[in-house]
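Asks:
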Amino acid sequence: MVEIAESCLNVLHQHGLSSVQFQFCFERAKHDLLANDMACDAIVAEVMQSMDNRPDAATLFGLLLDEARMGIENDSPYGKAFLENAEKAIKARIAAGAGEPLHRLKIAGLYRRASLPVPDILMLDPVGENSTDEIPMPDLDGALAVLAAEVEAEGGGAYEFFSGLDEMSAGMPEDAKAAFVHHLLSLDNPFLERCALYWLVSGASLTREAVAAGLRERLMRGKLEPETLSYLPIIRGWLSASAARAAIDDIGKLALRQGLAEVSKQNRAEPIVSDILATTADGVGAQGLTIVGKLQAQTFVAMILLKTGYGIKDAFVMALLHE
C-alpha cells in the first residue's frame, strides 16, 4: 500500500492536480489509501517533514481528508478509520520530534479546509510548548497585507480572505483566535471588517463575541461601514441567544441613536427572485436548491446543498455575464 501512495504522489508531481492522469490514479487508489494504516502513515510522514518542500504530499493528504469527511457523512467505515490512523501517525511523528508549532498550524489548516475538527495534538499550547525553543512569528499586519493582496490579485473577495485566515488560525486555541479576530477589526481596513462578519456566523462563541465587540468599537470610532451595518440584522437572525447577539442588538440601538441605521439602508438594491428549482433527496439525504434572480441589472444563480442531519452543506452565488 505504501507503493500506491508513492505512485499517486509521483503522478501528482509529474502531471498536476487537475490532470486526467492524476484524477484517474486517485479514483483508483483512494479507497485503498483511506483504509490502509501503512499508506496513511507514509503520507503523514511526508507531510510532517515539510509542507513547503513537499506540497504534493500536503495536497494528497488534503484530498484524503475531504474523502474521509464525505465517507463519515455517508456512513462509510473508511472515513473514520483514516482519521484515526492519521491522528495516530501525527502523534507518533510529534512524539519523535517532528512538526514544529508553525508547521502544525499549516497541517491544522488542511483539516479546517476539509471541514473537519482539528485534532487536539495539532492545537498550539502556549503553556505546554517548550519555552526554550524560539518560535519565529511573522509580522502579523505584514502577513495580512500580503495575503489580502494575493486574494485580490486572484479576483477573490472577503469570503476567500476569510477562508485563508480561518485555515491559518485553525490550530490556535480559541482565546488566541478571538484575540486575532479582534485585532483584525482594530485595523483601518473595511475589507477586514467584511471578512470578520463570516466569523460572526461560523466561529465559536468566544470568537463571535470578539467580532461583535470589535464591530461595536468600530461604530464608536465612526469607522463601521454602512454596508456592514445593514448586514447585522440579517446575521442576527442566525444567532442563538448569546452574548454576541446581545452585542449586535446593542450596536443596532447605538446606530439608531446616531441616525446611522437609515443611512445603511439607502441605495441598497434588493434582489428579485424569478425562479426556484429543487431536486428530490437522494439516498443519503442530499438535496439541491437552485435560485435564479436579478440584482439591479445583474442576473445571478444561487446554489444551495442541503443534507439530512447537517443542514446547509454548501452554498454559493454565480453572477452571469451579459454580452
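If you're matching positions, the sequence shown starts at 104 in this note's numbering and goes up one per residue. For every residue, glycine included, the Cβ atom is placed at its ideal position computed from N, Cα and C. Note that the coordinates shown come from a computational prediction; the quantities given were computed from them, not determined experimentally.
#1: So does His134 have its beta carbon nearer than 7 Å to some heavy atom of the ligand SAM?
#2: By DSSP's criteria, Lys410 is part of a beta bridge. Which residues make up the other side?
#3: Val395 and Val387 - do their beta-carbons sit closer together than 8 Å?
#4: Please name the residue, chosen from Thr411, Ala358, Val420, that lies closest to Tyr334 on a Cα-to-Cα basis.
#5: Between Lys194 and the rest of its own chain, which residues show a CB-CB distance below 6 Å, the 5 nearest in sequence each way excluded?
#6: For Ala316, which residues of its own chain have a beta-carbon under 7 Å away from its beta-carbon, when the five flanking residues on both sides are left out?
#7: Is Leu257 near Glu296, with beta carbons less than 8 Å apart?
#8: Roughly how far, in whole angstroms, is the beta-carbon of Ala108 from the beta-carbon of Ala142, given that I think they are within contact range, below 8 Å?
#9: Just tell me which of Leu137, Val150, Leu423, Ile197 has its CA closest to the CA of Glu170.
#10: I'd like to confirm the pairing. Which residues does DSSP put opposite Ile379 in its beta bridges?
#11: Rounded to whole angstroms, what is the Cα-Cα separation between Lys183 and Ala199?
#12: Once the 5 residues before and after Ile238 are set aside, which same chain residues still bring their CB inside 6 Å of it?
#13: Could you give the DSSP three-state label for Gln152: helix, strand or coil?
#14: Since Gly427 and Leu227 should fall inside the 8 Å C-beta cutoff, what is the C-beta to C-beta distance between them, to a whole number of angstroms?
#15: Can you check whether the CB of Thr310 is closer than 8 Å to the CB of Glu270?
#16: Might you give, ordered along the chain, the residues of its own chain that have their beta carbon closer than 6 Å to the beta carbon of Thr402, omitting 5 neighbours on each side?
#17: Enumerate in chain order the residues of its own chain whose CB-to-CB distance from Arg78 is below 7 Å, with the five nearest sequence positions on each side excluded.
#18: Out of Ile175, Asn139, Lys133, Ile210, which one is the CA nearest neighbour of Glu149?
#19: For Gln124, does the three-state DSSP call read helix, strand or coil?
#20: Which two residues bound the contiguous alpha helix (DSSP H) that contains Glu263?
#21: Residue ranges of each beta strand (DSSP E) run of no fewer than 3 residues wholly in the stretch 182-237, ordered along the chain?
#22: Along the alpha helix (DSSP H) that carries Gly317, what are the first and last residues, could you check?
#23: Taking the straight line between their C-alpha atoms, what separation do you get for Gly412 and Ala389?
#24: By DSSP's criteria, Ala422 is part of a beta bridge. Which residues make up the other side?
#25: I'd like the list of long-range same chain contacts for Leu120, defined as Cβ closer than 7 Å, with 5 residues on each side in sequence excluded.
#26: Report all residues from its chain with a CB closer than 7 Å to the CB of Lys398; omit the five preceding and five following residues, and keep chain order.
Replies: In short, the structure shows the following:
#1: The model on display carries no ligand, and the ligand SAM is accordingly not part of it.
#2: Translated into the one-based positions of the sequence shown, residue 410 becomes position 307. Per DSSP, Ala389, Gly414.
#3: If you number the sequence shown from 1, residue 387 lands on position 284. If you number the sequence shown from 1, residue 395 lands on position 292. Between Val387 and Val395, the gap from beta carbon to beta carbon reaches 8 Å or more.
#4: Counting from 1 along the sequence shown, the entry for residue 334 is found at position 231. Of the candidates Thr411, Ala358, Val420, Ala358 places its Cα closest to the Cα of Tyr334.
#5: Position 91 of the sequence shown holds residue 194. Once the five neighbours on either side are set aside, the close Cβ partners of Lys194 are Ile224.
#6: In the sequence shown, the residue the question calls residue 316 occupies position 213. Excluding sequence neighbours, Ala316 sits near His285, Ala350.
#7: Position 154 of the sequence shown, counting from 1, holds the residue named residue 257. Position 193 of the sequence shown, counting from 1, holds the residue named residue 296. In the sequence under discussion, the amino acid at residue 257 is Glu, which differs from the Leu named in the question. Not closer than 8 Å, so no.
#8: For the purposes of this step, residue 108 is taken as the residue at position 5 of the sequence shown. For the purposes of this step, residue 142 is taken as the residue at position 39 of the sequence shown. At roughly 5 Å, the Cβ-Cβ gap stays under 8 Å, so Ala108 and Ala142 are in contact.
#9: Along the sequence shown, read from residue 1 onward, the residue named residue 170 stands at position 67. Here the closest residue by C-alpha is Leu137.
#10: In the sequence shown, counting from the first residue as 1, residue 379 sits at position 276. The partner list for Ile379 (beta bridge, DSSP) reads Ile394.
#11: Mapped onto the sequence shown, residue 183 falls at position 80. Mapped onto the sequence shown, residue 199 falls at position 96. Those two C-alpha atoms are separated by around 25 Å.
#12: What you label residue 238 is simply residue 135 of the sequence shown in a count that begins at 1. With a pLDDT of 46 at Ile238, under the threshold of 50, the modelled position of this residue cannot be trusted, and the question is left open.
#13: Numbered from 1 along the sequence shown, position 49 holds the residue referred to as residue 152. Three-state DSSP puts Gln152 in a helix.
#14: Only positions 104 to 426 of the chain appear in the structure, and residue 427 is not among them; the question remains open.
#15: Counting from one through the sequence shown, the residue named residue 270 turns up at place 167. Counting from one through the sequence shown, the residue named residue 310 turns up at place 207. No. Outside cutoff.
#16: Taking the first residue of the sequence shown as 1, we reach residue 402 at position 299. Leu423, listed in sequence order.
#17: The requested residue 78 does not occur in the structure, where the chain is confined to residues 104 to 426.
#18: Within the sequence shown, residue 149 is the residue found at index 46, counting from 1. Nearest to Glu149 by C-alpha distance, out of Ile175, Asn139, Lys133, Ile210, is Ile210.
#19: The residue given as residue 124 occupies position 21 in the sequence shown. In the three-state DSSP reduction, Gln124 falls in the helix class (H, G or I).
#20: As a position in the sequence shown, residue 263 is number 160, starting the count at 1. Counting along the chain, the alpha helix (DSSP H) containing Glu263 begins and ends at 261-271.
#21: Listed in chain order, nothing qualifies, since the stretch 182-237 has no complete beta strand (DSSP E) run of 3 or more residues.
#22: Translated into the one-based positions of the sequence shown, residue 317 becomes position 214. That run of the alpha helix (DSSP H) goes 308-323.
#23: Here residue 412 refers to the residue found at position 309 of the sequence shown. Here residue 389 refers to the residue found at position 286 of the sequence shown. So the two alpha carbons sit approximately 10 Å from each other.
#24: Working through the sequence shown from its first residue, we reach residue 422 at position 319. Note: Ala422 sits in a beta bridge opposite Phe403.
#25: Locating residue 120 in the sequence shown gives position 17, where the first residue counts as 1. Answer for Leu120: Thr162, listed in chain order.
#26: Counting from one through the sequence shown, the residue named residue 398 turns up at place 295. Looking at the sequence provided, one finds Leu at residue 398 rather than Lys. Ala372, Pro374, listed in sequence order.
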